[in-house]
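> For the sequence shown, the residue numbers in the UniProt record's numbering are 1 to 307.
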Amino acid sequence: MENTLQGIYRRPLPLLATLTAAAVCLSLTIVHRTTRRIAALESGIVHLFIPPRWSRGPNYFSRCVALETLLRLARQPYIVHFVTDTTNPTMIATTAKSEADKAAKVTITTLTMRTLPFTICDGVLSSRPPVELTDLVDRGLSAEGHALGLAAARLAETSLAYGLHRSLLIDRPEVMVDLFAQEYNLDMKKANNVVTRTRRALITALNAVGYGSLPDTWYPREFLRGVRSLETLIGENKFLLGNNPTSYDCTIYGWLQVATQLGAHDPATEYLMKSEILQGYVKRMTELAFPDIAELPRSGESHKFIP
Numbered sequence: 001m002e003n004t005l006q007g008i009y010r011r012p013l014p015l016l017a018t019l020t021a022a023a024v025c026l027s028l029t030i031v032h033r034t035t036r037r038i039a040a041l042e043s044g045i046v047h048l049f050i051p052p053r054w055s056r057g058p059n060y061f062s063r064c065v066a067l068e069t070l071l072r073l074a075r076q077p078y079i080v081h082f083v084t085d086t087t088n089p090t091m092i093a094t095t096a097k098s099e100a101d102k103a104a105k106v107t108i109t110t111l112t113m114r115t116l117p118f119t120i121c122d123g124v125l126s127s128r129p130p131v132e133l134t135d136l137v138d139r140g141l142s143a144e145g146h147a148l149g150l151a152a153a154r155l156a157e158t159s160l161a162y163g164l165h166r167s168l169l170i171d172r173p174e175v176m177v178d179l180f181a182q183e184y185n186l187d188m189k190k191a192n193n194v195v196t197r198t199r200r201a202l203i204t205a206l207n208a209v210g211y212g213s214l215p216d217t218w219y220p221r222e223f224l225r226g227v228r229s230l231e232t233l234i235g236e237n238k239f240l241l242g243n244n245p246t247s248y249d250c251t252i253y254g255w256l257q258v259a260t261q262l263g264a265h266d267p268a269t270e271y272l273m274k275s276e277i278l279q280g281y282v283k284r285m286t287e288l289a290f291p292d293i294a295e296l297p298r299s300g301e302s303h304k305f306i307p
């Protein structure tokens, strides 16, 4: 690999709607046709749509972990729906149809792209956390706290995310083939195909933000610097901004939980795995938000969380 990733794939990519292609942009893109009903959903409760879980935590996708963590910290009841049919652009498969008689029917009235995770509550669809829940979790936070929290969250969403994906999908694609085959019950040929497509899209994304142009000797250093910076921001605090977690902790935990489960494979992740500050933080957040992490349902059935 030279000083840029641009030469690896030159042709423009079609819209990806496969499960693993979501890893590139830290999300999963689904296309909904005009006026297609998603499902008949129980009213008065948040419905969380995410890809199937993996065996190592709430989800492989950091944004899904972050949103579910926020719902739990806010003690918001919700129903999880696993999106299992990502190849059909006209629907999202869900087991909520049994609720049809008492449900709010959600209709997409224009051709749109939706990104997992998203929530639906009383007919309102959103790809962002409900503002009232964010405000609840962040109550009492100062302007300085918001500034620091935003900086740390953006670090997790950008530099750290780019570094982790490049270190695996670009440098060690065989690891990801094995992972997807195991976690999502794919044969090796299918797993290799989706990793190849995901890798293409990742290269496009990295080049768009300038991360793909970093020389091979530079980007590991930048990735390591990002991990160390996050460690410094957390410091000796119990959570990022003190003794209570905020919405920014949800974003940080989303990245750290997944990165920790992927293990050490380069200098940055080796540092992460050895960091008492970062590993202690992951443990505290897991105990607080997901005390049931070992029992989380992984099947296609929807399930309800009541705090």
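The C-beta atom is built at its ideal place from N, Cα and C for all residues, glycine as well.
Keep in mind it's a predicted model, so treat the numbers as computed, not measured.
Whole angstroms is fine: what's the gap from Ser-127's alpha carbon to Val-175's?
In the sequence shown, residue 127 corresponds to position 127, counting from 1. In the sequence shown, residue 175 corresponds to position 175, counting from 1. If I take the Cα positions, the gap works out to 30 Å.
> Identify whether Lys-304 lies in helix, strand or coil by the three-state DSSP scheme.
Residue numbering aside, residue 304 sits at position 304 when the sequence shown is read from its first letter. Of the three classes helix, strand and coil, the one that applies to Lys-304 here is strand, per DSSP.
> Less than 8 Å between the beta carbons of Leu-67 and Leu-41, yes or no?
Here residue 67 refers to the residue found at position 67 when the sequence shown is read from its first residue. Here residue 41 refers to the residue found at position 41 when the sequence shown is read from its first residue. Not closer than 8 Å, so no.
> If you draw a straight line from the alpha carbon of residue 360 to that of Tyr-162, how long is it in whole angstroms?
Since the first residue shown for the chain is 1 and the last is 307, residue 360 is missing from the structure and cannot be characterised.
> Look up Trp-54 in the DSSP assignment and say whether it is helix, strand or coil.
Position 54 of the sequence shown, counted from the first residue, corresponds to residue 54. The answer is strand: DSSP assigns Trp-54 an E or B state.
> State the DSSP-derived secondary structure class of Val-83, mapped to helix, strand or coil.
Within the sequence shown, the letter at position 83 stands for residue 83. Val-83 falls in the coil class under three-state DSSP.
> Which residue from Arg-228, Val-209, Gly-210, Arg-56 puts its Cα closest to that of Glu-183?
Residue 183 sits at position 183 when you count from the first residue of the sequence shown. Nearest option by C-alpha distance: Arg-56.
> Among Gly-242, Leu-278, Leu-133, Leu-116, whose alpha-carbon lies nearest the alpha-carbon of Thr-226?
The sequence position of residue 226 within the sequence shown is 226, counting from 1. The sequence given here has Gly at residue 226, not Thr. Here the closest residue by C-alpha is Leu-278.
> At which residues does the beta strand (DSSP E) containing Thr-119 begin and terminate?
Here residue 119 refers to the residue found at position 119 when the sequence shown is read from its first residue. Element bounds for Thr-119: 118-121.
> Tell me where the beta strand (DSSP E) around Ser-247 begins and ends.
Stepping through the sequence shown from its first residue, residue 247 is reached at position 247. Ser-247 -> not in any beta strand (DSSP E); alpha helix (DSSP H) instead, spanning 247-262.
> How is Gly-140 classed by DSSP in three states: helix, strand or coil?
The count along the sequence shown starts at 1 and reaches residue 140 at position 140. Gly-140: coil per DSSP, three-state reduction.
> Who pairs with Phe-49 in a beta bridge, going by DSSP?
Position 49 of the sequence shown, counted from the first residue, corresponds to residue 49. According to DSSP, which records beta bridges pairwise, Phe-49 is partnered with His-81, Phe-118.
> If you draw a straight line from the alpha carbon of Asn-207 to that of Ser-213, how long is it in whole angstroms?
Looking up residue 207 in the sequence shown gives position 207. Looking up residue 213 in the sequence shown gives position 213. If I take the Cα positions, the gap works out to 6 Å.
> Spell out the partners DSSP gives Phe-239 in its beta bridges.
Position 239 of the sequence shown holds residue 239. DSSP lists Gly-242 as partners of Phe-239.
> Pull up the CB-CB distance for Cys-64 and Pro-129, whole angstroms please, since I reckon it's below 8 Å.
Against the sequence shown, residue 64 aligns to sequence position 64. Against the sequence shown, residue 129 aligns to sequence position 129. With a Cβ gap of about 12 Å, Cys-64 and Pro-129 do not count as contacting.
> Less than 8 Å between the CB atoms is what I'm expecting for Leu-230 and Ala-268, so what's the real figure, rounded?
One-based indexing of the sequence shown puts residue 230 at position 230. One-based indexing of the sequence shown puts residue 268 at position 268. At roughly 10 Å, the Cβ-Cβ gap does not stay under 8 Å, so Leu-230 and Ala-268 are not in contact.
> Smallest Cα separation from Pro-245: which of Arg-72, His-303, Gly-44?
Your numbering for residue 245 matches position 245 in the sequence shown. When each option's Cα is compared against that of Pro-245, the closest is Arg-72.
> Since Leu-125 is in the beta strand (DSSP E), which residue starts that stretch and which ends it?
As a position in the sequence shown, residue 125 is number 125, starting the count at 1. Where Leu-125 is concerned, the enclosing beta strand (DSSP E) stretches over 124-126.
> Could you say if the segment 251-258 and the segment 150-157 meet the contact criterion of at least three C-beta pairs nearer than 8 Å?
Output reads yes: the segment 150-157 touches the segment 251-258.
> Could you check how far apart the C-beta atoms of Leu-70 and Val-131 are, in whole angstroms? I think they sit under 8 Å.
One-based indexing of the sequence shown puts residue 70 at position 70. One-based indexing of the sequence shown puts residue 131 at position 131. The Cβ separation is near 11 Å, so there is no contact.
> Helix, strand or coil, according to DSSP, for Leu-41 in the structure here?
Here residue 41 refers to the residue found at position 41 when the sequence shown is read from its first residue. Strand, per DSSP.
> Who are the Cβ neighbours of Pro-52 in its own chain at under 6 Å, not counting the five residues just before and after it?
Position 52 of the sequence shown holds residue 52. Cβ within range, chain order: Phe-82.
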